[in-house]
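Line order of the protein sequences matches chains A and B.
Counted from 1, the first sequence has number 74 at position 67 by our numbering; the numbering is strictly sequential.
Counted from 1, the second sequence has number 451 at position 225 by our numbering; the numbering is strictly sequential.
Below is one structure; the comments refer to it alone.
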Amino acid sequence: MRDVTLAIAGSGGDGVITAGDFIVQAAARKGLNAFMLKSYGPQIRGGESSARIRISDRPLYSQGDFVDFLVVFSWKDLARFLDEIKLRKGAVVLYDEADKTPPEEFPIDAELGAELIPVPFKKMAAEEIKVPLTKNMVALGVIAELLHLPLDAIKDAVIKKFGKRKPEAAEVNIHAIDLGKKWVNDNLPKGTQIVLEAEGTDEPKLVMTGDDAVAFGALHAGVKVFAGYPITPASPILEFLSKWLPNFGGTVVQTEDEIAAISYAIGASWAGRQAMTASSGPGIALKQEALGLAGIAEIPLVVVNVQRVGPSTGIPSKSEQADLYQAVGGTPGDIPRVVLAPSDVEDNFQVAIEAFYLAEKYQIPVIILSDQFLGERSETIDEKVLFARKRVISRQLAKLNGGEYKRYKLTDTGVSPMTIPGMRGGQYITSGLEHLEDGRPTSSGTIHQVMSEKRARKLHLIAEESGFVRTYGDPEAELAILAWGSSKGAVREAVEAAAEQGLKVKAIVPQLIYPLPEKVLDEALQGVKRAVVIELSYGAQFYRFLRAYYDGLPAETYSYARGGANPLLVSEVLEQIQKYAQEA
Amino acid sequence: MEPVKLTAKDYKTSVPIVWCPGCGDFGVLNAMHQAAAELAIPPENLMVVSGIGCSSRIGGYVNAFGFNTIHGRALPIASGAKLARPEMTVWAAGGDGDGYSIGTNHFVHTIRRNSDLTYIVMDNNIYGLTKGQVSPTTPHGDVTKSTPMGNPDRPLNPLALALELGATFIAQGFSGNVKHLRDLIVQGTRHKGFALINVKSPCVTFRGRQEFTVVREHGVYLDESHDPSDWNQAHEVTQWSEKIPLGVIYKIEGVPTLDQVAADLQEKAREKQHFESTKDLLRIFH
Chain A
8 MRDVTLAIAG
18 SGGDGVITAG
28 DFIVQAAARK
38 GLNAFMLKSY
48 GPQIRGGESS
58 ARIRISDRPL
68 YSQGDFVDFL
78 VVFSWKDLAR
88 FLDEIKLRKG
98 AVVLYDEADK
108 TPPEEFPIDA
118 ELGAELIPVP
128 FKKMAAEEIK
138 VPLTKNMVAL
148 GVIAELLHLP
158 LDAIKDAVIK
168 KFGKRKPEAA
178 EVNIHAIDLG
188 KKWVNDNLPK
198 GTQIVLEAEG
208 TDEPKLVMTG
218 DDAVAFGALH
228 AGVKVFAGYP
238 ITPASPILEF
248 LSKWLPNFGG
258 TVVQTEDEIA
268 AISYAIGASW
278 AGRQAMTASS
288 GPGIALKQEA
298 LGLAGIAEIP
308 LVVVNVQRVG
318 PSTGIPSKSE
328 QADLYQAVGG
338 TPGDIPRVVL
348 APSDVEDNFQ
358 VAIEAFYLAE
368 KYQIPVIILS
378 DQFLGERSET
388 IDEKVLFARK
398 RVISRQLAKL
408 NGGEYKRYKL
418 TDTGVSPMTI
428 PGMRGGQYIT
438 SGLEHLEDGR
448 PTSSGTIHQV
458 MSEKRARKLH
468 LIAEESGFVR
478 TYGDPEAELA
488 ILAWGSSKGA
498 VREAVEAAAE
508 QGLKVKAIVP
518 QLIYPLPEKV
528 LDEALQGVKR
538 AVVIELSYGA
548 QFYRFLRAYY
558 DGLPAETYSY
568 ARGGANPLLV
578 SEVLEQIQKY
588 AQEA
Chain B
227 MEPVKLTAKD
237 YKTSVPIVWC
247 PGCGDFGVLN
257 AMHQAAAELA
267 IPPENLMVVS
277 GIGCSSRIGG
287 YVNAFGFNTI
297 HGRALPIASG
307 AKLARPEMTV
317 WAAGGDGDGY
327 SIGTNHFVHT
337 IRRNSDLTYI
347 VMDNNIYGLT
357 KGQVSPTTPH
367 GDVTKSTPMG
377 NPDRPLNPLA
387 LALELGATFI
397 AQGFSGNVKH
407 LRDLIVQGTR
417 HKGFALINVK
427 SPCVTFRGRQ
437 EFTVVREHGV
447 YLDESHDPSD
457 WNQAHEVTQW
467 SEKIPLGVIY
477 KIEGVPTLDQ
487 VAADLQEKAR
497 EKQHFESTKD
507 LLRIFH
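This is the structure we're talking about:
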């Protein structure tokens, strides 16, 4: 097989995620592509957790619908992931024989004909290594041997993790891995292997999560002040920048609340430094009033929303695409804002840079709509791709010549030269009040109209910025799938699978959601007779948004929308393609 | 060439003032203009960040980088600005509703971080801009538009709260004594750290002109017998019930400020990590 999906399920203390991380890092070292999803129960410690890893030498866009290879430390824990872990027919399942659940109670569909193999993971760790906690490493050895994963690269990753500080820990773990490998050779007949036949390029790749990528992108774009408040699943952004931003002359403040976080960012940006805040749906709701302030006061600002399942507390550890309305329509009043949607881990990095580019150039708040599915997954990335696109990020500062300075001077572009503290003669009053060109407050309806038009002019220009729509598949197709954000992965893979089946379909994925790049969408939709809008929002927010904001949809436009939590499957999308392509 | 001496006039703006005739806030504004001149802060190096309310309009009335923000958020916005530009002087301003009700959380944590701001609160014991509702400092029992049967709540004591939270500079002024208030603002600005200046600034429209008389009759100017570095003495002063203390109640120096801590951390990080560029940082992803 050139493309293997494996999963490990256990309790929080089983080291499931650690084992998964090592596998992904090993793949990266070999130049293979890997994709890992982590899944947790609600407990802080000791709850169920699973790692799902897909490895291939081909580009990977999704987590893979079916699992080929499963390691179970506890059947009870696995039972909680049945929604997410669907086995392929004939999958190999290794389970810890220490779990005494009778085979007839295994939560596995007998019709799948899975090959069930008991392994003494716990026993080997406890009795031979004398460290029960190493059972994940024993399992790693077993997995590596059965899949023919690069053992040397796994060991390298282990050594790197424990580094110079704990050489004895590295040694114990490597011993455990070797023990797992030996167990396979001593106990399993040859041919049990699901051999991964993917050859790596041997050009090492980077491993990044989406949250780290967006934070790293912001750092690369020159963020100087980041303020945030802990919230799942956005906290890793706060943690990443806390660790690395000071080295680059910036500051992170973990504020008292979500409102303070966006307020710090607004203050810092107004005073002349690039600033950002990040949160998830509930926190973004709290920030809305301040976001409106940044809009009317025309202050550059980047706000990341790592969406989770809502409403209210929802399912904090899982993903959904239902904060679109909040992004395009939140805050009182008609306030210009930009909404960008990254669609994979690398894109999180790029979008962070685009966000600063647009925010600074147009003096506008930019919302990045990431989600848990992007934020918490790990992907391998090509270093070369990361810095391929160059953006000049700069704010248009006023040239003061002693005359009267008008902060909100009416211009053709809607962008007025800004001053920042320290610029002599550049003083003005900034406010959330409607204002005249010089910033003085006004209650005039006429001025309000003129200023609303001025602010909206920026949106027309932003919609014409290039490079914000991706298309995949057959350019001549009469059927198009419209999707956004993290749905891109399954959609892209489904479009490729459909092509192999001889179905003509294309996918259109805008990265810029608001303002919609209408001209580019028009071009992409040329010749398209039917479209299906696919999303993870029960209320079909993207479909309804397109209906409301875009006139270019084909007359036959359908919606496939469901609530989030379970990632979009390739098979789900493919079903839609088959349904509508066959009507051709 | 001698630098031009700045006067209070240099800090006035052409923004029309919306306050009622006789409003206490005029005295505060005058004191701010005079203090800025006394401190000789170039207007372009001064930021005045206010919240929402009658008094928060003050952000537009000082020739500076003024920012009339949103309700209750003057302190975090001012703190973000100071963090971004530590070389600038930042004044935050607002009313009792803005600072001690909707913005209380920020009041608490700005003090905790010792953000280097001078926070001038025009405390008039009422919501004026919304035309006369009870505020967090309205005395118990007072009839207001939203408490027709008398204020059922006990008032908040901002001075005691600030002291308990570890504020490094606490003063109280009176808008009827501009010179004294000017001196407090000057001292608060020179103080390295968070300086609270609570100003008795009567609302003549919704509380009546007699509020000025109340402060004049009950106000006690702290003299040399009060040692502002003595926490216990300061505490006692904040507990006065009949008399109204005026002057610097508490002051300690040497507590690190938010921007100093940030600068130290940057230095430490560079020593330890010394990444020259974001490309260098790529190695953490290998």
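Note that CB positions come from ideal geometry on N, CA and C, so glycine has one too.
Positions of the beta strand (DSSP E) runs, each at least 3 residues long and wholly inside the region 375-410 of chain A, are given as 385-388 in order along the chain.
Within chain A, no residue has its beta carbon less than 8 Å from that of residue 459 (chain B); the closest one is some 30 Å off. Straight across, the Cα-Cα distance linking residue 531 (chain A) with residue 586 (chain A) is about 21 Å. Looking only at B:348, B:492, B:237, the smallest Cα-Cα distance to residue 266 (chain B) is reached by B:237. Rounded to whole angstroms, residue 436 (chain A) and residue 270 (chain B) show a C-alpha spacing of 12 Å.
By the neighbour-count criterion, in which 16 or more other beta carbons inside 10 Å mark a residue as buried, residue 457 (chain B) falls on the exposed side.
Taken through DSSP and simplified to helix, strand or coil, residue 213 (chain A) comes out as strand. Counting only Cβ-Cβ distances below 7 Å, residue 227 (chain A) has contacts in chain B at 504, in chain order.
Selection A:559, A:458, A:228 evaluated against residue 367 (chain A) yields A:228 as nearest (Cα-Cα). With respect to residue 287 (chain A), residue 320 (chain A) sits apart: the two C-beta atoms are not nearer than 8 Å. Within a 10 Å sphere around the beta-carbon of residue 404 (chain A) sit fewer than 16 other beta-carbons, which makes this residue exposed. Between residue 451 (chain B) and residue 253 (chain B), the gap from beta carbon to beta carbon reaches 8 Å or more.
Taking the C-beta atoms as reference points, residue 296 (chain B) is found nearer than 8 Å to residue 297 (chain A). Flagged as an interface residue toward chain B: residue 211 (chain A), by a C-beta distance shorter than 8 Å. For the region 246-259 of chain B, the beta-carbon criterion of a distance under 7 Å to any beta-carbon of chain A is satisfied by none of its residues. In summary, the residues of the region 278-295 of chain B whose CB is separated from some CB of chain A by less than 7 Å are 285, 286, 289, 290, 291, 292, 293, 294, 295, in the order they occur in the chain. No Cβ-Cβ contact shorter than 8 Å links residue 473 (chain A) with residue 350 (chain A). Proximity of chain A to residue 271 (chain B) at the Cβ level (cut-off 7 Å) is accounted for by 428, 429, in chain order.
Within chain B, the C-beta atoms nearer than 7 Å to that of residue 273 (chain A) come from 303, 306, in chain order.
Among the residues facing chain A, residue 420 (chain B) is not included, as its CB has no counterpart in that chain under 8 Å away. Inclusion of residue 576 (chain A) and residue 72 (chain A) in the CB contact set at 8 Å is warranted, their separation being smaller than that value. Only exposed fits residue 467 (chain A), as fewer than 16 other CB atoms lie within 10 angstroms of its CB. At a cut-off of 8 Å between C-beta atoms, residue 295 (chain A) does not count as an interface residue with respect to chain B. What residue 331 (chain B) touches in chain A, judged by beta-carbon distance under 9 Å, is 263, 264, 266, 267, going in chain order. Note on residue 112 (chain A): under 16 other CB atoms within 10 angstroms of its CB, so exposed under the neighbour-count rule. Along the region 382-393 of chain B, there is no position whose C-beta sits under 8 Å from a C-beta of chain A. Under a criterion of Cβ atoms nearer than 7 Å, no residue of chain B is adjacent to residue 408 (chain A); the nearest Cβ is some 15 Å distant. In this structure, the straight-line span from the alpha carbon of residue 513 (chain A) to that of residue 307 (chain A) is close to 35 Å. Per DSSP, the unbroken beta strand (DSSP E) holding residue 124 (chain A) starts and ends at 122-126. Interface annotation for the region 374-405 of chain A against chain B: 388, 390, 393, 394, criterion Cβ-Cβ distance under 9 Å.
Under the DSSP assignment, residue 345 (chain B) falls outside any alpha helix (DSSP H), being part of the beta strand (DSSP E) whose first and last residues are 344-349.
Listed by position along chain B, the residues whose Cβ is nearer than 7 Å to that of residue 8 (chain A) form an empty set, because the closest Cβ is around 27 Å away. Under DSSP, residue 476 (chain B) takes part in a beta bridge, and its partners are B:396.
Counted as a single uninterrupted DSSP element, the beta strand (DSSP E) harbouring residue 276 (chain B) occupies residues 272-276. Residue environment: residue 395 (chain A) is assigned as exposed (fewer than 16 neighbouring CB atoms within 10 Å of its CB, all protein chains considered). Taken in chain order, the whole alpha helix (DSSP H) runs of length 4 or more contained in the region 410-449 of chain B are 436-444.
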